[in-house]
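**Q** Structure provided below as structure tokens; questions to follow.
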Amino acid sequence: MKDHSEIWFKTDDDELFKDSLKYFAEAGFIEKYRTFDLHQSEFTENIKTEYEEKFSNQGVKIKFGIFVVNKG
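Add 445 to a position in the sequence shown, counting from 1, and you land on the number used in our numbering.
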């Protein structure tokens, strides 16, 4: 990936998200944005997926982060 490229990562899985935060940090990514409840956050650029809709309707919170490549 090119320097300053972004990964937009979202999941309904709490453990996957928490583990991924560590993995991104260990790989040298910069955390630009993070929320443990996407639909209650101020983030407005979300494109809702079919599974996201399904799990949200079941009351499952969607976790979301933006991570930036830092080759600095």
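Even for Gly, the Cβ is constructed at its ideal location relative to N, Cα and C.
From a predicted model like this one, the values you see are computed outputs, not experimental measurements.
Where does Phe481 fall in DSSP's three states?
**A** coil
**Q** Expressed to the nearest angstrom, what Euclidean distance is found between the alpha-carbon atoms of Asn463 and Phe469?
**A** In the sequence as displayed, the identity of residue 463 is Lys instead of Asn. Those two C-alpha atoms are separated by around 10 Å.
**Q** Which one of Glu471, Lys447 and Ser486 has the shortest CA to CA distance from Phe509?
**A** Ser486
**Q** Exposed or buried, Ile492, counting other C-beta atoms within 10 Å across all chains shown (16 or more means buried)?
**A** exposed
**Q** Cβ-heavy atom distance between Asp457 and the ligand FMN below 8 Å?
**A** Questions concerning the ligand FMN fall outside what the structure shown contains, since it holds no ligand whatsoever.
**Q** From which residue to which residue does the beta strand (DSSP E) around Glu451 run?
**A** Glu451 to Thr456
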